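Read through the structure below, which is laid out as structure tokens, and then see the notes.
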Amino acid sequence: MEKERLSDPFERSDSAVSSSGSESAPGAGSVYPNAINHDLHNNHYNDRISIADLKSVENMVRKLSTDSLPRSRASKTHFHYATTAYDVRMISKDIVKRKVDLDVEKIMIICKIDDASVLFLMRELVEWLLTHYPFLVVYVQDDFQSSKLFDAEEIFKELKCRKNRLKYWNPDFVRDNDVFFDLVVTMGGDGTVLFASHLFQKHVPPTLPFSLGSLGFLTNFNFEHFKEQLPTILNSKIKTNLRMRLQCKIYRRQTVETDSKTGRKVCFMKLESEHHVLNELTIDRGPSPFISMLELYSDEDLMTVAQADGIIVATPTGSTAYSLSAGGSLINPGVDAIAVTPICPHTLNFRPIILPDSIELKIKVSPNSRGTAWIAFDGRPKIELHRGDFVTVSSSPYPFPTVEASPRDFVDSISRTLGWNAREKQKSLSHVLSLKNQEKLENESTKNKRELESEEPEEEVLLDELGQVTARHTVKPIELDEPNKRQRGPPSTSFSGVSPGRRKSAGFTL
1 MEKERLSDPF ERSDSAVSSS GSESAPGAGS VYPNAINHDL HNNHYNDRIS IADLKSVENM
61 VRKLSTDSLP RSRASKTHFH YATTAYDVRM ISKDIVKRKV DLDVEKIMII CKIDDASVLF
121 LMRELVEWLL THYPFLVVYV QDDFQSSKLF DAEEIFKELK CRKNRLKYWN PDFVRDNDVF
181 FDLVVTMGGD GTVLFASHLF QKHVPPTLPF SLGSLGFLTN FNFEHFKEQL PTILNSKIKT
241 NLRMRLQCKI YRRQTVETDS KTGRKVCFMK LESEHHVLNE LTIDRGPSPF ISMLELYSDE
301 DLMTVAQADG IIVATPTGST AYSLSAGGSL INPGVDAIAV TPICPHTLNF RPIILPDSIE
361 LKIKVSPNSR GTAWIAFDGR PKIELHRGDF VTVSSSPYPF PTVEASPRDF VDSISRTLGW
421 NAREKQKSLS HVLSLKNQEK LENESTKNKR ELESEEPEEE VLLDELGQVT ARHTVKPIEL
481 DEPNKRQRGP PSTSFSGVSP GRRKSAGFTL
């Protein structure tokens with residue numbers, strides 16, 4: 001099917017101009033065709049979206065942001081703002097749901113280097129990949145190059161494979177080779193995933209997190225089943241969760257100078273470092289006995305002056321970590337937002353707040369602060385901030401994509417790790433009844449259950465105001481004990497990327 005180009009709301013069609021040359025009203029003709037809205041509701045839209053479509057939307061937004069519109073159309077500007085904003089949201093929704101082919105040729109493995117049990121699990125994975133995918137190149141950390149336990153020479157000898165199929169990476173190699181790896185496999189817990197985020201400070205390859213840790217909010221794949229899961233991921237279209245990261249820039253206050261031209265006192269702020277974090281940044285008082293005083297700005301407008309032990313600025317992914325322990329809210333990773341959570345505030349009415357990702361936060365150590373502050377990114381070593389120093393926080397242009405194990409990843413993870421909304425089933429006191437009454441109760445319960453099952457629909461059909469069918473949904477039966485089962489169960493081993501058609505990947509056909 002030929003790909004359709006998204007319509008520009010400012011593009012005039014031939015039918016939009018009458019013989020007198022006047023334009024028809026929006027909605028009466030196609031002067032401002034809102035084709036995006038209609039296309040986005042088609043089931044086949046995912047197959048038609050292209051780079052050209054995205055460029056068209058980008059051009060629309062740029063036109064709306066200029067002041068070069070004809071006066072005759074000035075009254076329509078807000079209409080275009082509203083419709084384009086909705087269209088962009090719908091396209092974003094479609095992109096998030098889209099499944100992609102990975103075309104993996106270079107795969108990177110990240111694991112703990114000081115754990116012998118993890119080392120042998122990683123060795124098992126490497127041997128399996130080199131055996132079943134002869135055109136794959138596997139990269140492991142350079143610490144294993146001289147490891148006697150890993151013993152790369154023995155792997156080459158046993159598998160009879162070329163030595164150039166097993167290579168080594170280090171942080172400098174990752175930093176200097178942007179957009180190089182096709183897939184990253186992490187073996188460990190959430191800390192290993194955070195280490196991967198720290199390594200890739202720009203573009204991040206799709207990341208497959210295998211669970212070897214204890215909690216595992218981010219690791220929804222069970223390593224015991226990697227031989228069943230990896231072939232499906234490598235040979236089928238898969239869905240990734242584009243997890244938002246925060247772009248943080250530290251600025252240092254320089255000496256105050258007087259501008260010779262204006263006579264005004266000017267303080268220069270020098271950029272010291274930039275960080276892209278997956279979980280959160282934390283600013284606290286560190287070893288100082290004094291409470292911290294932090295000025296919080298939103299797009300250069302002062303929001304508040306926080307007097308507390310510190311402030312946590314978290315992503316939706318990080319909402320289940322330090323922020324949650326400090327009283328912050330749970331946020332689904334599909335939501336682009338910034339969570340600000342105070343740490344032991346001096347006032348009880350300083351509550352956590354969730355802000356849109358479109359703003360830029362600035363957190364400044366107040367000149368009136370009695371001590372310095374210390375900042376940490378994703379739990380890494382702290383950096384001291386002096387009076388007048390500040391950090392800016394905004395949405396990072398480089399998200400962190402993780403392979404989706406199930407559409408229920410987030411709910412399953414908080415149910416499994418936190419026991420979210422889990423409660424004990426109401427206890428029955430039937431054991432105090434006589435045998436005769438127990439039998440009567442069982443018969444009545446069976447009768448009621450059958451009546452309820454007979455009334456339960458198998459499908460829901462949505463109708464509009466005119467009675468026309470708009471959607472159909474299959475109704476799945478719900479067990480009352482289902483949350484408790486999710487709480488006890490292991491990480492999900494089924495994933496949404498399974499496709500009926502198999503294709504060749506890395507030169508190997510299953």
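Residue numbers for the sequence shown follow the UniProt record's numbering, beginning at 1 and rising by one.
The beta carbon of each residue, even a glycine, is placed where N, CA and C say it ideally should be.
All of these numbers come straight from a predicted model, not from anything done at the bench.
Review point. Can you give the beta carbon distance from V126 to V104, rounded, assuming they're within the 8 Å contact cut?
Key: Actually they do not touch by this definition, with Cβ atoms about 15 Å apart.
Exercise for the section: Decide if R472 is buried, meaning its Cβ has at least 16 other Cβ atoms within 10 Å, or exposed. Expected result: Exposed: under 16 other Cβ atoms inside 10 Å.
Nonlocal neighbours in the same chain, by C-beta distance under 6 Å from residue 531, ignoring five residues either side: Residue 531 cannot be examined here, being either before or after the span of the chain that is shown, 1 to 510.
Exposed or buried, what is K431 when buried is set at 16 or more other beta-carbons lying within 10 Å of its beta-carbon? Note that residue 431 corresponds to His in the displayed sequence, not to Lys. With a threshold of 16 other beta carbon atoms within 10 Å, H431 falls short and is exposed.
Could you give the first and the last residue of the continuous alpha helix (DSSP H) run that contains A116? Segment A116 to H132, the alpha helix (DSSP H) holding A116.
*Report yes if the CB atom of N279 is closer than 8 Å to the CB atom of G318, and no otherwise.*
Judged by beta-carbon spacing, G318 lies within the 8 Å limit of N279, meaning their Cβ atoms are closer than that value.
Would you mind sorting K112 into buried or exposed? The rule is 16 or more other CB atoms within 10 Å of its CB.
Taking every protein chain shown into account, the CB of K112 has 16 or more other CB atoms within 10 angstroms, so this residue is buried.
Contact between the segment 364–371 and the segment 287–303 is defined here as three or more beta-carbon pairs at a separation below 8 Å; is this criterion met? Contact check between the segment 364–371 and the segment 287–303: three or more CB pairs, one atom from each, fall below 8 Å, which counts as touching.
Next item on the list: Let me know the secondary structure DSSP gives P399 once reduced to three states.
Entry: Residue state, collapsed to three classes: coil.
**Study point:** Simplified DSSP state of D309, which is helix, strand or coil
**Key:** Under the three-state reduction of DSSP, D309 is assigned to strand.
Can you look up D357 in the DSSP assignment and give me helix, strand or coil? Assigned with DSSP and collapsed to three states, D357 falls in coil, not helix or strand.
### Query
Where does D178 fall in DSSP's three states?
In the three-state DSSP reduction, D178 falls in the coil class, being neither helix nor strand.
Rounding to the nearest angstrom, what Cα-Cα distance links E404 and K202 in this structure? Straight-line Cα distance between these residues: approximately 21 Å.
| query | How big is the Cα-Cα spacing for K476 and S454? | reply | Whole-angstrom Cα-Cα distance: 14 Å.
Which of helix, strand or coil DSSP assigns to K249: For K249, the three-state secondary structure derived from DSSP is strand.
Suppose you measure from the CA of T219 to the CA of T417; what does that come to, to the nearest Å? Approximately 11 Å between the Cα atoms of the pair.
Inter-residue Cα distance where the pair is G328 and F195:
Near 23 Å, if we compare the C-alpha coordinates of F195 and G328.
Rounded to whole angstroms, what's the CA-CA distance from G189 to K157? Just pull it up for me. Near 32 Å, if we compare the C-alpha coordinates of K157 and G189.
Give every residue of the same chain whose Cβ lies closer than 8 Å to the Cβ of P401, excluding the five residues on either side of it in the sequence, and list them in chain order. Correct list, in chain order: V204, P205, P206, T207, T240, N241, L242 and R243.
*Below 6 Å CB to CB, which residues in the same chain sit around R387 once its five sequence neighbours on both sides are set aside?*
Closer than 6 Å at Cβ, skipping near neighbours: V365, P367 and S369.
With 16 other CB atoms within 10 Å as the buried threshold, where does I362 fall? Checking the sequence shown, residue 362 turns out to be Lys, not Ile. With 16 or more other Cβ atoms within 10 Å, it is buried.
Bridge partners of F377, per DSSP? F377 has L281 as its beta-bridge partners, per DSSP.
task: Excluding the 5 residues preceding and the 5 following L271 in the sequence, name in chain order all residues of the same chain whose CB lies nearer than 7 Å to its CB.
output: Cβ within range, chain order: K249 and Y251.
### Beta bridge counterpart(s) of F210 as assigned by DSSP
For F210, the pairing in a beta bridge is given by DSSP as M187 and F221.
Original post:
DSSP three-state call for N164: helix, strand or coil?
Top reply: When secondary structure is reduced to three states using DSSP, N164 falls in the helix class.
**Item:** Status (buried if at least 16 other CB within 10 Å, exposed otherwise) for I95
**Value:** The residue in question, I95, is exposed, as its Cβ has fewer than 16 Cβ neighbours within 10 Å.
message: With the cut-off set at 8 Å, would you say L330 and T320 are in Cβ contact?
response: Result yes, Cβ atoms of L330 and T320 sit closer than 8 Å.
Could you tell me which uninterrupted beta strand (DSSP E) segments, each at least 3 residues in length, are contained entirely in the segment 327–356, listed from first to last along the chain? Correct list: 337–345 and 353–356.
Select from L159, Y133 and A116 the residue whose C-alpha is nearest the C-alpha of K148. Of the candidates L159, Y133 and A116, the one whose C-alpha sits nearest the C-alpha of K148 is A116.
Check your understanding: Which of the three DSSP states, helix, strand or coil, is assigned to V432?
Key -> In the structure shown, V432 sits in a helix (DSSP, three-state: H, G or I).
Classify F268: buried if its beta carbon has 16 or more other beta carbons within 10 angstroms, exposed otherwise.
By the neighbour-count rule (16 or more Cβ atoms within 10 Å), F268 is not buried but exposed.
Self-check item: Counterpart residues of E274 in DSSP-defined beta bridges
Solution: In the DSSP output, where bridge partners are listed per residue, E274 has K249.
Applying the 10 Å Cβ sphere with the 16-neighbour rule, what's the burial state of W374? Buried is the call here.
Compute the Euclidean distance between the alpha carbons of C161 and L212, then round it to the nearest angstrom. Straight-line measurement puts the Cα of L212 at about 28 Å from the Cα of C161.
Requested in this report: Taking only the alpha-carbon atoms, compute the straight-line gap between T315 and Y398 and give it to the nearest angstrom.
Outcome: C-alpha separation (whole angstroms): 13 Å.
### Query
Going by C-alpha distance, which of E300, I354 and Y297 is nearest L324?
Ranking E300, I354 and Y297 by Cα distance to L324 puts I354 first.
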